[in-house]
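Reviewing the structure listed below.
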Amino acid sequence: MKNKHEIPVYSGLLIFGAIFFYGTFKIKPGRAATIADSFVPRVAVLTMMALLVVLLVQAIKKQQAEASQRTPEQKAAARAETKRFALRVLFVTAVMGVSVYLMDKLGFVLSMTFYLLCLFIGLAENGKRRWKVIIPLALLFPVLLFILYLDVFSVLLPPGIMKFLT
Amino acid sequence: MLGQVSFSLPQLLSSFGGLMSVPTLLMIIVGVTVGIMFGAIPGVSCNMALIMFIPITFSMPSDLAMTLLLAVYTGGMSGGLVSAVLLNIPGTPASVATSFDGHPMAMRGEGGKALGVGILSSFIGGVTSCIVLMLLAPVLANYAMKFGPFEYFAVSLFSLTLIGGLIGDSLIKGLVSALLGMCVSFIGLAPLTSVPRMTFGFHSFETGMSDVALMIGIFAIPELVRFAVDGSSDDGEVIKFKKTKGFGISMREYFSHWKNIIRSDLIGIGVGILPGIGGSVCNILSYIAAKKSSKHPEKFGTGVVDGIIASETSNNASIGGALVTMLALGIPGSATTALLISAMSMHGVQPGPMLFLREPALIYTIFAAILISNLVMIIVETKGINIFARMLLVPNSILLPLVVMMCMVGAYTTNYSMFDVACVVVFGLVGYFMQCAGLPLAPMILGFILGPMTEVNLQRALQSSRMSLTPLFTRPISLFFVILTVISLVWAVFGKRIKAKMQKRGG
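As you go down the protein sequences, you meet chains A and B in turn. To convert, take the position in the first sequence, counting from 1, and add 133; that gives this note's numbering. To convert, take the position in the second sequence, counting from 1, and add 18; that gives this note's numbering.
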């Protein structure tokens, strides 16, 4: 996995750096500071961006050298691999994003049941789905955790629509 | 004039007494056991176990909280040996070298002996490094009390360059990661003036990014995404082993390796003290050192106890080393100590030299907790080794979603904020993509912790010197660290070339 997708990652970080650098100009000057509050962030982000440009140039050169040696079959395989990679990352991101959104609306128990069911099914190795394990685990574990935090640690996790649990 | 601190045996004994209650001992047993489990299972880590436990400690007094977290740390550092021996997959990077000889031993039916030697070595490494910690940390704290903002600024710079240069395979990548962590730490209110920075109008950003959310995102989520993308990586077969009597090795035979034990111990402690390196590097260094000085180097890798002793002694010895820097200077030596620093600050405790004067009881509780945790570790690991071996059979497709869920609960309970939970997902994806591009993650955490420290000390230093940086080069301690910074940068840039030239000359 190491050192794949270098160009998009470095480009993404450069965009973050540019937004961050722009943000440093929005900082209001503070009275007590000896140096402006924007000084250190600006130095840090500019250094980071300069280093990222070096990495990006290296990565582009490397990719060009590799691309010239690849056969059409290898290129097609790489494209298929990238597509599979994107789909898997998207799947986990979507499950987690939706779960976090639902946690606020429906509460911890229901959102985490959804999260566990999706991931248990989606990540099952070689398609082996141990239904007898994953269904009870997905249904009971969030409830037990909710009660454990409430009763033992006195921590109330978001109850959402299941307020009766509290 | 500030008072001097020194090691006090009566205070240590009193702290031992304080921890000798049934609930506290039970808590240590739970912490060590969970730490071993998380260390043993490839794909989850000691850091994840710590993240899970940090929110649980909120309702505890700071001394008990640190005791529990140190128990997890001690167990986690040692647990990696179980999967390294039985699966040939190290549970933690700190146990990589253990698998070189541990697994061949298990293959020829000596798994019990390999585990026994590993457990004993972990114990010796942990206890001796704790003794060094008890003796060295007060000395370093006394010295650090003379530090002013210039010295702290110089130490922060040195730590950042050392971390950037030594973690991962490239100085540039390490520095980018550390600088990214620094940039994230600048979001929120400015430390001295409380002026909002990088908030872009979002009120949620004003309190700054939660360190727990960042750490959970960086350590837990990438493992889950990687598993989803790459599929099962733990397709190795767990080797069955016969449980041996005792440690499977006589004390006489074990201590005949005393030179190896002492050398590995010293390497572990020394490497642990340096910011940013820790157990993942020292086990390999010790293994190489043991092999080079052995009378039978050709046997290394075929299943000799020397290799296990070197690796396991040094990785547990690095715990004491890392805590020296953390307690005496307030600087994280590793990602794990960065987590401990965060936990301490959540309890209103600021690590650093003044802690030895303000809260000596806490310091001695930490020392006692490490010693007791090591004792518990050797008992739990010896008695429960079959259970830990069986745990390796739990598939990651079930384990990882559960662990990540508990980590998200940890993120929520830190500030009772859904924003923090959302940050976990965002930081997790950033961490995963950074790994994809070969950017190391640990420097990002250390940059996040060191960023505000660097900025505040620079501001204070300039305030005290009327905007002059000259004292940075005229004060002996700060000059010393500036020189070290330059050396570490030069070594990181030209080190490989220098080594290659020296090898050429040597033929």
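The C-beta atom is built at its ideal place from N, Cα and C for all residues, glycine as well. It should be emphasised that the depicted structure is a prediction, and the values quoted were computed from it without experimental measurement.
Strand pairing of residue i, partner residues [DSSP]
i: B:Arg215; result: B:Gly206
Buried versus exposed call for residue i [16 or more other C-beta atoms within 10 Å across all chains shown]
i: B:Met70; result: buried
i: B:Leu175; result: buried
i: B:Phe445; result: buried
i: A:Val187; result: exposed
i: A:Ala198; result: exposed
i: B:Ile501; result: exposed
i: A:Tyr155; result: exposed
i: A:Asp284; result: exposed
i: A:Lys195; result: exposed
i: A:Gln202; result: exposed
i: A:Ala200; result: exposed
i: A:Lys238; result: exposed
i: A:Arg221; result: buried
i: B:Phe98; result: As written in the sequence, residue 98 of chain B is Gly, which differs from the Phe given in the question. By the 10 Å Cβ count, B:Gly98 comes out buried.
i: B:Ile327; result: buried
i: B:Asn404; result: exposed
i: B:Arg270; result: exposed
i: B:Val40; result: exposed
i: A:Ile294; result: exposed
i: B:Met485; result: exposed
i: B:Lys131; result: buried
i: B:Arg493; result: buried
CA-to-CA distance, residue j to residue i, given in whole angstroms
i: B:Leu37; j: B:Val48; result: 14 Å
i: B:Thr354; j: B:Ala387; result: 17 Å
i: B:Leu27; j: B:Ser140; result: 24 Å
i: B:Gly35; j: B:Ile390; result: 11 Å
i: A:His138; j: B:Thr110; result: 25 Å
i: B:Pro378; j: B:Ile463; result: 28 Å
i: B:Asn65; j: A:Pro205; result: 43 Å
i: A:Ile140; j: A:Leu189; result: 6 Å
i: B:Gly351; j: B:Val342; result: 9 Å
i: B:Gly199; j: B:Gly456; result: 16 Å
i: B:Asn160; j: B:Asp229; result: 29 Å
i: B:Asp252; j: B:Glu169; result: Note that B:Asp252 scores a pLDDT of 46, beneath 50, so its modelled location is shaky; the value from the coordinates is reported in the next line. Each residue's Cα considered, the two are about 46 Å apart.
i: A:Ala177; j: B:Ala89; result: 36 Å
i: B:Ile236; j: B:Met55; result: 20 Å
i: A:Ala183; j: B:Glu241; result: 29 Å
i: B:Leu480; j: B:Leu487; result: 7 Å
i: A:Cys251; j: A:Val228; result: 7 Å
i: B:Val289; j: A:Trp264; result: 47 Å
i: B:Ile287; j: A:Phe297; result: 53 Å
i: B:Gly465; j: B:Ser274; result: 43 Å
i: B:Gly226; j: B:Gly469; result: 13 Å
i: B:Phe171; j: B:Ser496; result: 8 Å
i: B:Gly525; j: B:Pro315; result: Confidence at B:Gly525 is low in this model, with a pLDDT of 47, below 50, so its placement is unreliable and the value that follows should be read with caution. Cα to Cα, B:Gly525 sits roughly 21 Å from B:Pro315.
i: B:Leu358; j: B:Leu30; result: 21 Å
i: B:Ile384; j: B:Ser33; result: 9 Å
i: B:Cys4; j: B:Gly120; result: Nothing about residue 4 of chain B can be reported from this structure: the residues present for chain B run from 19 to 525 only.
Boundaries of the alpha helix (DSSP H) in which residue i is found, first to last residue
i: B:Gln481; result: 460-482
i: A:Asp237; result: 205-238
i: B:Met45; result: 40-58
i: A:Thr180; result: 172-202
i: B:Asn414; result: 414-433
i: B:Leu457; result: Careful: B:Leu457 lies outside any alpha helix (DSSP H) and carries neither H nor E.
i: B:Lys401; result: 378-401
i: A:Met245; result: 241-256
i: B:Gly266; result: B:Gly266 -> no alpha helix (DSSP H), and no H or E assigned at all.
i: B:Ala346; result: 323-347
i: B:Ser312; result: No alpha helix (DSSP H) contains B:Ser312, which DSSP labels as neither H nor E.
i: B:Ser147; result: 129-162
i: A:Ser144; result: 139-157
i: B:Ser96; result: 80-104
i: B:Gly120; result: 114-125
Residue i Cβ short of 7 Å to the ligand COA heavy atom set
i: A:Ile280; result: Annotation note on the ligand COA: not contained in the displayed structure, which lists no ligands.
Under 8 Å from the C-beta of residue i: neighbouring residues of chain C
i: B:Ala440; result: Looking for chain C here will not work: the only protein chains present are A and B.
Could you check whether the segment 502-515 of chain B touches the segment 202-209 of chain B, counting it as contact only if at least three pairs of C-beta atoms, one from each stretch, sit closer than 8 Å? Contact between the segment 502-515 of chain B and the segment 202-209 of chain B is absent: fewer than 3 CB-CB pairs across the two stretches fall below 8 Å.
Pairing CB atoms from the segment 114-132 of chain B with CB atoms from the segment 316-329 of chain B, are three or more of them under 8 Å? As far as the Cβ criterion goes, the segment 114-132 of chain B touches the segment 316-329 of chain B, which means the pair count is three or higher.
Does the segment 272-284 of chain B come into contact with the segment 247-262 of chain A, if we say contact requires no fewer than three beta-carbon pairs (one atom in each stretch) closer than 8 Å? Touching, no, given that fewer than three Cβ pairs across the two stretches are closer than 8 Å.
With a cut-off of 8 Å, do at least 3 Cβ pairs link the segment 357-364 of chain B to the segment 141-151 of chain B? no
Three or more beta-carbon pairs under 8 Å between the segment 416-429 of chain B and the segment 233-245 of chain B, yes or no? Proximity of the segment 416-429 of chain B to the segment 233-245 of chain B meets the contact definition, three or more beta-carbon pairs being nearer than 8 Å.
Would you say the segment 423-439 of chain B touches the segment 223-242 of chain A, given that touching needs at least three Cβ pairs under 8 Å? yes
Between the segment 157-173 of chain A and the segment 210-226 of chain B, are three or more C-beta pairs nearer than 8 Å? yes
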